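Residue numbers (our numbering), protein chains in the order written: chain A, 72 to 509; chain B, 2 to 262. In this text, a Cβ means the ideal position worked out from N, Cα and C, and glycines have one as well. Every value quoted in this text rests on a predicted model; they were computed, and no experiment measured them. Accompanying notes for the structure given below.
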C-alpha cells in the first residue's frame, strides 16, 4: 500500500474539517446521514493511486498532497462583467451562477422558464423544497469513488433542474460555476441534479471557470435521469484556472427511447479528470458522448467515459478528440459494457489525437466488455501530427506558419464541433480552437 | 523599365531525401512570358515546381534562384507567396474542416497584410469571389465546402486556378494541371489561366503532354530530362515532341550537354 497517500494528513484533515459543515445551511436529516456515511467511506478509501486500474494514467498525488479547506460560506467578488468570457455571447439563456461553490442570485437570470420547469439552488431546495432534491445521492454511488464520497461529504450547493413530462425548454439552461481569488486553497463540491420527465427536452450547460489563477480543487458531481422518450443535451465546459485541480463526475440513467447527448470540452486546470457515465436502462435509447480537449504547458487531462448497454436495441456513439501541445498529457478511457440481454446493441467509439509537439503524450484505452452475442460494437483510435503537406499547401498561399498550424488544429477539431447544435457554443468553441494555440 | 529577369535559375541542384533529382538546371523567365517545361516521368518537372514554391521536403544542394533580383531560396514558402509566387499543385491537398471561403480570404488577407495593404471584410471579398468564380466556371456553392474535400479531380484543378485568380500572382507555376482532366475541363482551366495573363506577370506550365499547350500557348518550350534542360525552343518544339516522343530529345542529347536555356 502506498501509505503516504492514503493515510496522509490531507485525508485526515478533511475528516476534521467536516465539523465546519455544522455552520452551513440546514439540510434534511437524510442528507446529514448521507454526508456522514460518505465521509466515513472517503476515510476508508483514501485518494486513489495509480495502482487503481481506473486511475492508472492519472496520479492525483498533487491533489492528495495539498490541504484544501471546504468553502461553505459565500465568498468572492465576481461581477457580471467578469462573466462575459464564459457566456458565449448568448442572450436569453436561463442562467444560474455559482461563485466559489455557492449560488449567486444577483448574477443569475432564471427568468422566462416555461411552466413545468424547476430551476433552483440545492441549498434552497433542501431547506424549502426537499422533495425536489430527493434523488440526490440515489443516481450515483460513492461506494467505490473517493472523489464522489468527498463531494457527498461536503456538498452544500449546486443546481436542481427538473423538467416535467412533455415540457420542452427551447433555450439552454446554463449552470456557471465560477471561482475567483477568494477560492485560493479551497475545495468546492458542487452537486447537481437534472431530472427530465417523459418526452421532455432540454439543454443543460455546466461551465466550470475561473477568473483567477488561484490553486483550488473543484470536485462537482451531477446526477441525471432522462425519462421515456426524453432528450437531454448536456454540455460540460471545463475552463478552470491554470493552477486548479478539477475532478468531476456526471452519472446518467436513461429510460426507454431516451436520448442523452453529451459534449465535454476541457481546456483548463493543471490537472483534471472528467467522468461521464451513462446507463441505457430502457430499450430503444441512444447515447452520444462527444468531447474535445485542448492542452498545453504541463496540463494533464483525463476523460473516462462509461456506457452501459443494459437493455436491447440501444445505440451509442462516441467521438473524443484531443489536441496536445508542449509537455501536456491527455488520457482517454472509454468503457462500453454490454449486458447479456442487450442484443442488437450498436456501439461506436472513436478517439483521435493531434500531437503538436514531440513531448506531448496521450494514453488512450478503449475498454469493451460485451456479454451479448448479437451486437455491433467498434472502436478506433488514431494519434497523429500536423500534416506537413497540408501545412505547406497553406503556406504556399501566403498564410504564415503560425496561422497555418492554427487553421489545421481548428480543422482537426472541426468535425466534433460540428455536432454541437447550440450555435453560440459551437461558434465559441470554434473560436477557441482557432485561438488556443497562438 | 527593368532589365532584370523575373526569374533566373542557375545550375540548380536539388534532392528528395538523399536522391539527387535536379542536376544543374538553368532557366530564365521574363515578365509577360509563358514557358512550358515538358519532360518524361521522373525527369524532375514537379521537383522544380515544388522547389520554387519552397516545399521543405526538397533540399536544394546547389545553384541559385533569383526572383525579381532577390534570393528566392532564402525565403519561407509564405514569403514567396506574398511576393507573388503561386504554385498550382499537381495533387491539391484536402483540408477537411476549413471552408474554401475562409481559406481563400485568409490567404488573400495575409498577402495584403504582408504588402502593407488593408484586409478586406467578408462582404468585399464576396464580390471579388463572384467575379473570379466566373473565370473557372464554378458556382459559389463550392465556397462553403471544405478545401478540396470530396472534390472531383477536375474540381480540384479548377479550385487551384480559382486560387490563382484570387491571389493574382506575378509568377504562376502550373504543375501538371492538365493531367487527369477531360477536354472540357482542360479548356475551362486554360481559359482561366489565359484571362490572368498580363504584360507584367509570367507563367511556367509544367506538363507531360502537348495537349494543354493548344490552349495555353507558350512563348518557350523546354525539355527536361534527368534533372536538366536538354533542349529549348518555341511552341513548335512541343508539337515535335508530341510527334517524336521524348526519346527523340533524350537520345539526341550529346553526352554531358549543359542547360540550353
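Collapsed DSSP secondary structure at residue i in the structure displayed
| i | result |
| --- | --- |
| residue 125 of chain A | helix |
| residue 386 of chain A | strand |
| residue 196 of chain A | helix |
| residue 141 of chain A | strand |
| residue 263 of chain A | strand |
| residue 431 of chain A | coil |
| residue 248 of chain B | helix |
| residue 118 of chain B | coil |
| residue 305 of chain A | strand |
| residue 109 of chain B | helix |
| residue 139 of chain B | coil |
| residue 239 of chain B | helix |
| residue 222 of chain B | strand |
| residue 118 of chain A | coil |
| residue 236 of chain A | coil |
| residue 444 of chain A | coil |
| residue 6 of chain B | coil |
| residue 404 of chain A | strand |
| residue 281 of chain A | strand |
| residue 490 of chain A | coil |
| residue 78 of chain A | Reliability fails at residue 78 of chain A, whose pLDDT of 45 lies under 50, so the model's placement of it is uncertain and the value that follows must be treated cautiously. Residue 78 of chain A: coil per DSSP, three-state reduction. |
| residue 361 of chain A | strand |
| residue 25 of chain B | strand |
For residue j and residue i, believed in contact at Cβ under 8 Å, the rounded distance
| i | j | result |
| --- | --- | --- |
| residue 12 of chain B | residue 63 of chain B | 7 Å |
| residue 490 of chain A | residue 361 of chain A | 6 Å |
| residue 10 of chain B | residue 66 of chain B | 5 Å |
| residue 260 of chain A | residue 222 of chain A | 4 Å |
| residue 224 of chain B | residue 236 of chain B | With a Cβ gap of about 13 Å, residue 224 of chain B and residue 236 of chain B do not count as contacting. |
| residue 471 of chain A | residue 111 of chain B | 6 Å |
| residue 61 of chain B | residue 74 of chain B | 6 Å |
| residue 41 of chain B | residue 55 of chain B | Wrong, their Cβ atoms sit about 25 Å apart, outside the cutoff. |
| residue 298 of chain A | residue 339 of chain A | Not really, about 33 Å apart at Cβ, beyond 8 Å. |
Residue i at chain A interface by Cβ criterion, 8 Å
| i | result |
| --- | --- |
| residue 107 of chain B | yes |
| residue 112 of chain B | yes |
| residue 98 of chain B | yes |
| residue 79 of chain B | yes |
| residue 163 of chain B | no |
| residue 6 of chain B | no |
| residue 88 of chain B | yes |
| residue 83 of chain B | yes |
| residue 175 of chain B | no |
| residue 94 of chain B | yes |
| residue 168 of chain B | yes |
| residue 115 of chain B | yes |
| residue 160 of chain B | no |
| residue 76 of chain B | no |
CB contact check: residue i to chain B, cutoff 8 Å
| i | result |
| --- | --- |
| residue 461 of chain A | yes |
| residue 111 of chain A | no |
| residue 174 of chain A | no |
| residue 464 of chain A | yes |
Proximity test, residue i beta-carbon vs the ligand GTP heavy atom, cut-off 7 Å
| i | result |
| --- | --- |
| residue 277 of chain A | The ligand GTP is not part of this structure, which contains no ligands at all. |
Is the segment 169-178 of chain B in contact with the segment 192-204 of chain B, if contact means three or more CB pairs nearer than 8 Å?
Cβ pair count under 8 Å is three or more, so yes.
Contact between the segment 212-221 of chain A and the segment 182-199 of chain A is defined here as three or more beta-carbon pairs at a separation below 8 Å; is this criterion met?
In short, these stretches do not touch, since the Cβ pair count stays below three.
Are the segment 405-414 of chain A and the segment 372-381 of chain A touching by the rule of at least three beta carbon pairs closer than 8 Å?
With a cut-off of 8 Å, the segment 372-381 of chain A and the segment 405-414 of chain A count as touching, because enough Cβ pairs lie within range.
The segment 344-362 of chain A in contact with the segment 381-394 of chain A per 3-pair CB rule at 8 Å
They touch, by the three-pair rule.
Select from the segment 466-489 of chain A all residues with a C-beta closer than 8 Å to any C-beta belonging to chain B, and list them in chain order.
In summary, the residues of the segment 466-489 of chain A whose CB is separated from some CB of chain B by less than 8 Å are 466, 467, 468, 469, 470, 471, 472, 474, 475, 478, 479, 481, 482, 483, 484, 485, 486, in the order they occur in the chain.
Segment contact flag, the segment 185-194 of chain B with the segment 151-162 of chain B, C-beta cutoff 8 Å, min 3 pairs
Yes, the segment 185-194 of chain B is in contact with the segment 151-162 of chain B.
contact_flag[the segment 137-150 of chain B, the segment 100-109 of chain B] where n(CB pairs < 8 Å) is 3 or more:
At 8 Å Cβ cutoff, the stretches touch.
Residues, ordered as in the chain, of the segment 28-60 of chain B that lie near chain A by beta-carbon distance below 9 Å
Of all residues in the segment 28-60 of chain B, 51, 54, 55, 56, 57, 58 have a Cβ within less than 9 Å of some Cβ in chain A.
So does the segment 232-246 of chain B actually touch the segment 69-88 of chain B, counting three or more Cβ pairs closer than 8 Å?
Counting C-beta pairs with one atom in each stretch, the segment 232-246 of chain B and the segment 69-88 of chain B have fewer than three that are closer than 8 Å, which means they do not touch.
The segment 305-316 of chain A contacting the segment 279-294 of chain A, beta-carbon criterion three pairs below 8 Å:
The segment 279-294 of chain A and the segment 305-316 of chain A touch, with three or more beta-carbon pairs separated by less than 8 Å.
Does the count of Cβ pairs from the segment 448-465 of chain A and the segment 102-121 of chain A closer than 8 Å reach three?
Touching, no.
Decide if the segment 124-138 of chain A is in contact with the segment 247-254 of chain A; the criterion is three or more beta carbon pairs, one per stretch, under 8 Å apart.
No contact exists between the segment 124-138 of chain A and the segment 247-254 of chain A.
Under 8 Å, with one C-beta from each stretch per pair, do the segment 79-87 of chain B and the segment 126-133 of chain B reach the 3-pair mark?
The count of Cβ pairs closer than 8 Å, one atom from the segment 79-87 of chain B and one from the segment 126-133 of chain B, stays below three, leaving the stretches out of contact.
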